[in-house]
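One structure is given here, and the rest of the page talks about it.
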Amino acid sequence: MSLGNKEVMASNLKYYMKKHNIDRNKLCSDLNLKYMTVSDWINAKTYPRIDKIEMLSHYFDIPKSKLIEDHNFKENASQRLNQIMSERNLKQVDILELCKPYSEELGIKIARNNISQYVNGIAEPNQNKVFLLAKALNVNEAWLMGYDVPKNPTFDNITNIESCSVVKVPIIGTIACGTPLLADQNVIGYDYVSSDAIKGKEVFYLECKGDSMEPKIPDGSLVLVNSQPTVENGEIAAVVVNGDTEATLKRVQYQGDTTILIAENSNYAPYIINKDNPARIVGKAIQVVTRL
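Going letter by letter, the sequence shown gives residues 1 to 292 in full-length UniProt numbering.
Right, here's the structure in full:
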């Protein structure tokens with residue numbers, strides 16, 4: 001099924017931003033664009049006007065057609081895995097064997113059936129599996145995902161993982177009633193962070209959903225949270241609401257004995273914590289990981 005105009009534009013824009021290592025903030029700053037405007041383009045919510053397309057084409061030094069036409073830049077993990085197997089004369093079982101020591105070290109499970117599905121294009125590996133496969137095969141994660149980047153790992157990625165200790169951090173989704181926040185049934189995946197960055201901290205990730213915290217925290221970002229029951233006035237906290245079943249991110253403001261949760265996006269009304277709207281703080285936001 002072909003992509004719609006907005007989806008094609010979003011895909012191409014993300015491709016060139018990733019290729020040139022440009023994030024949303026830099027693009028906005030360089031071109032004097034509003035953050036929400038760029039965010040809507042990237043999320044395929046709106047389509048840029050022709051003058052903005054021309055501006056972007058000049059910025060990336062490409063024809064306008066590279067932005068508005070479907071070029072299918074991105075290969076997939078199946079193509080890349082098959083390329084590696086051909087170049088190195090590997091079989092699926094060989095890839096599994098290469099993964100085993102890293103699977104135990106990182107706590108990421110992978111089975112022969114997973115590899116078979118990836119190689120045959122039946123399924124795409126999730127982020128954790130990409131991390132594991134890239135480490136086992138000693139290739140660039142982004143290359144393995146199909147992006148037009150060098151195949152060999154660079155200083156910023158996989159080969160240097162061993163030179164700095166990393167910690168597997170759970171990503172929290174919907175919270176089952178009556179369960180601790182970090183119970184297994186609440187964990188939807190894992191990501192990694194340098195151990196130096198979280199010394200002495202008990203942390204978890206929350207995935208930001210929606211635009212209530214934009215532009216500070218874009219939709220889809222992972223937010224690293226330090227577990228703690230209180231935060232200072234004006235800090236962004238992870239707060240459990242809706243009968244302890246949902247974790248959200250909001251800026252906390254204290255007014256006397258009243259605690260108010262405030263979104264960064266002014267389109268959202270403040271949430272006043274009281275007996276009719278109970279909530280509890282479970283952590284402080286300490287880092288945002290933005291994904292293109």
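Ideal placement from N, C-alpha and C gives every residue a C-beta, glycine not left out.
Residue i vs residue j beta-carbon contact at 8 Å
i, j, result
"LEU249", "LEU206", "yes"
"VAL169", "MET145", "no"
"LEU90", "TYR118", "no"
"GLU124", "ASN186", "no"
"ILE188", "VAL288", "no"
"VAL193", "VAL167", "yes"
"ILE273", "ALA279", "yes"
"SER39", "ARG24", "yes"
"TYR271", "ASN277", "yes"
Enclosing beta strand (DSSP E) for residue i [first to last residue]
i, result
"ILE236", "236-241"
"GLU207", "203-207"
"TYR192", "187-194"
"LEU261", "258-262"
"ASN226", "222-227"
"GLU54", "Segment 50-60 is the alpha helix (DSSP H) holding GLU54; no beta strand (DSSP E) there."
"VAL252", "246-255"
Residue i - DSSP class collapsed to helix/strand/coil
i, result
"LEU90", "coil"
"SER78", "helix"
"PRO170", "strand"
"THR46", "coil"
"ILE281", "strand"
"VAL149", "coil"
Straight-line Cα distance separating residue j from residue i
i, j, result
"ASN114", "LEU106", "17 Å"
"ASN226", "ALA134", "29 Å"
"GLY256", "ASN233", "11 Å"
"ASN160", "ALA136", "The pLDDT assigned to ASN160 is 39, lower than 50, so where the model puts this residue is not dependable; a value taken from the coordinates is nonetheless given after this. Spanning the two alpha carbons is a distance of roughly 13 Å."
"GLY220", "ILE53", "24 Å"
"CYS164", "TRP143", "For CYS164, the pLDDT reaches just 43, beneath the cut-off of 50, and the residue's location in the model is therefore unreliable, leaving the point undetermined."
"VAL241", "ASN265", "19 Å"
"ASP61", "TRP41", "19 Å"
"ILE172", "LEU224", "11 Å"
"ASP196", "VAL149", "28 Å"
"GLU162", "THR258", "At GLU162, the pLDDT of 41 sits below 50, so the modelled position is not reliable; the number obtained from the coordinates is stated separately. Cα-Cα distance, rounded: 47 Å."
"ILE122", "ASN21", "30 Å"
"SER65", "TYR147", "19 Å"
"LEU132", "LYS209", "26 Å"
For residue j and residue i, believed in contact at Cβ under 8 Å, the rounded distance
i, j, result
"ALA44", "GLU7", "5 Å"
"ILE281", "PRO229", "6 Å"
"PRO48", "MET9", "7 Å"
"ASN152", "VAL139", "7 Å"
"ARG112", "GLN83", "About 20 Å; that fails the 8 Å criterion."
"GLU235", "LYS284", "6 Å"
"SER57", "LEU67", "6 Å"
"SER103", "ILE110", "6 Å"
Boundaries (first-last residue) of the alpha helix (DSSP H) holding residue i
i, result
"VAL8", "5-19"
"ALA269", "No alpha helix (DSSP H) holds ALA269; DSSP gives it neither H nor E."
"LEU33", "Neither: LEU33 is in no alpha helix (DSSP H) and is coded neither H nor E."
"GLU141", "141-144"
Any chain C beta carbon closer than 8 Å to residue i
i, result
"LYS14", "Of the chains in the structure shown, none is chain C; there is only one protein chain."
Cβ-heavy atom distance, residue i to the ligand HEM, below 7 Å
i, result
"GLN117", "No copy of the ligand HEM occurs in the structure displayed, which carries no ligand at all."
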